[in-house]
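Going letter by letter, the sequence shown gives residues 23 to 371 in our numbering.
Don't be surprised by glycine CBs; every beta carbon is placed ideally from N, CA and C.
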Amino acid sequence: MPEKILDNLDEYVAGPLTSIEVKERKISDLLTAMSLTGFQGRKLGEALDVWVRALRDEDTVIMMGYAGSLSTTGQWRIVKWLIENRYIDVLVSTGANITEDLIEAMGYRYWRGSPLVDDDLLRKKGIYRFYDVYVKEQDYISMEKMLGEFMLTLRDRKALASPELLYLLGKWLEERGVDGIVTSASRHKVPIFCPAIVDSGFGVAYIHNRYRDKEFSLLVDQFKDYELLIKIKSRSKNSAAIFIGGGVPKDFIQLSAVSVDLLLSGDYTKTRPHKYAIQITVDSPHWGGLSGATLEEGKSWGKEMKGGMNAQCFCDATIALPLLAHSLHELIKQPRKGPDLSWVFSSVT
Numbered sequence: 023m024p025e026k027i028l029d030n031l032d033e034y035v036a037g038p039l040t041s042i043e044v045k046e047r048k049i050s051d052l053l054t055a056m057s058l059t060g061f062q063g064r065k066l067g068e069a070l071d072v073w074v075r076a077l078r079d080e081d082t083v084i085m086m087g088y089a090g091s092l093s094t095t096g097q098w099r100i101v102k103w104l105i106e107n108r109y110i111d112v113l114v115s116t117g118a119n120i121t122e123d124l125i126e127a128m129g130y131r132y133w134r135g136s137p138l139v140d141d142d143l144l145r146k147k148g149i150y151r152f153y154d155v156y157v158k159e160q161d162y163i164s165m166e167k168m169l170g171e172f173m174l175t176l177r178d179r180k181a182l183a184s185p186e187l188l189y190l191l192g193k194w195l196e197e198r199g200v201d202g203i204v205t206s207a208s209r210h211k212v213p214i215f216c217p218a219i220v221d222s223g224f225g226v227a228y229i230h231n232r233y234r235d236k237e238f239s240l241l242v243d244q245f246k247d248y249e250l251l252i253k254i255k256s257r258s259k260n261s262a263a264i265f266i267g268g269g270v271p272k273d274f275i276q277l278s279a280v281s282v283d284l285l286l287s288g289d290y291t292k293t294r295p296h297k298y299a300i301q302i303t304v305d306s307p308h309w310g311g312l313s314g315a316t317l318e319e320g321k322s323w324g325k326e327m328k329g330g331m332n333a334q335c336f337c338d339a340t341i342a343l344p345l346l347a348h349s350l351h352e353l354i355k356q357p358r359k360g361p362d363l364s365w366v367f368s369s370v371t
């Protein structure tokens, strides 16, 4: 069999394609086999390879963006597991993902429903819909009221960065037996950043507290968030960026790559690109939006490293994330320590 498709194409050809044989095997073995096929199956297999290499590369900080409202679909326990086993060192999340997990953690339920439904009827019955997932309005409100009660404990504190606020929330939830994502992150000293925190149950809870007490005030310092993330990146030789979806979490992590030297030396032009990058998205690049922007495009900004390891997979996160997580569980047997980031919480501990 020929070793090359043609001479002078080595830049574009990684090797021969290998068709998949059906047999009993581990999920990680299947994804490895898929990495030798084509289309998005190959890209999902490559994403696993990039994540494993990042985990095995010493002095690498792994940052994960967690976008949208994925916790409602049952993904939150996977993210919690990634934190507990240090498959990630930093989480950057939407507010939805780190509040809506609390509904299940409080003992309430999400329900599998039909997307083909009379939504006016659901409104009348007190049911909220996330495409094909339902939740009772009163259960959701109970979560928001719980957040409001926590916020009241912060009334005498100065402005907090979101990782500080969420660390305190995790401690508060642990005392009450509510074991969500922020609870686990607090326990394991893994910082969670939420750069659009008001766009969630946190914002609703704040407004309810303002109604109850006109003197209530709470300040979240998002500029401090940004500086903390930059400092985290600056303290490790390499970084890995894992994007589950896009949006604000993705761009927040990407911006850390272009700002380290700006903070340390005032240099606008020097960047510290991520050595490893994975993006799982269903957004298309040709609309020009950030969520669909390719990792290759990121190189033009100095966000991804020339010669680094990138894997862009166009796939529903509810398909890709469980497969990747189970594969990591199979492949990485030695516990990973990861960088010590407890200093992030020094002003609130």
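Self-check item: DSSP-derived helix/strand/coil call for E46
Solution: coil
Exercise. Put G135 into one of helix, strand or coil per three-state DSSP.
Key: coil
Quiz item: Is it buried or exposed for E326, if we count other Cβ within 10 angstroms and need 16 for buried?
Solution: buried
Quiz item: Is DSSP giving K158 helix, strand or coil here?
Solution: Three-state DSSP puts K158 in a strand.
Quiz item: Skipping 5 residues on each side, what residues in its chain have a beta carbon closer than 7 Å to that of T95?
Solution: V155 and T340
Exercise. Specify, as a first and last residue, the run of the alpha helix (DSSP H) that L31 falls within.
Key: Where L31 is concerned, there is no enclosing alpha helix (DSSP H), given that its DSSP letter is neither H nor E.
Quiz item: Mind checking whether A333 and I84 have CB atoms under 8 Å apart?
Solution: no
Exercise. Return the chain-ordered ranges of every beta strand (DSSP E) run that is complete within the segment 258 to 295 and spans a minimum of 3 residues.
Key: Taking 3 residues as the shortest admissible run, the segment 258 to 295 contains the following complete beta strand (DSSP E) segments, listed from N- to C-terminal end: 260 to 266.
Quiz item: What residue from E68, G320 and S115 has the CA that sits closest to I266's CA?
Solution: Proximity to I266 across E68, G320 and S115 peaks at S115, based on C-alpha coordinates.
Practice problem: State the DSSP-derived secondary structure class of S164, mapped to helix, strand or coil. | Solution: Helix.
Self-check item: Range of the contiguous beta strand (DSSP E) that encloses L113
Solution: Element bounds for L113: V112 to S115.
Quiz prompt | CB contact flag (I127, D201, <8 Å) | solution = A quick correction: the sequence has Ala, not Ile, at residue 127. Yes, the pair counts as a contact, with Cβ atoms nearer than the cut-off.
Quiz item: T94 by DSSP, collapsed to three states: which one?
Solution: helix
Quiz item: If you drop the 5 nearest sequence neighbours on each side, which residues of the same chain put their C-beta closer than 7 Å to that of K65?
Solution: A333, Q334 and C335
Practice problem: Using the DSSP secondary-structure output, state which residues sit across from C335 in a beta bridge. | Solution: I302
Quiz item: Just reading off the alpha helix (DSSP H) that V83 is part of, what are its end residues?
Solution: Taken as a continuous stretch (DSSP letters only), V83 belongs to no alpha helix (DSSP H), being part of the beta strand (DSSP E) at T82 to Y88.
Practice problem: Give me whichever residues DSSP pairs with V242 in a beta bridge. | Solution: L182
Quiz prompt | Environment of S184 [buried if 16+ CB atoms lie within 10 Å] | solution = buried
Quiz prompt | Touching by the beta-carbon criterion (3+ pairs, under 8 Å), the segment 311 to 319 and the segment 338 to 354 | solution = no
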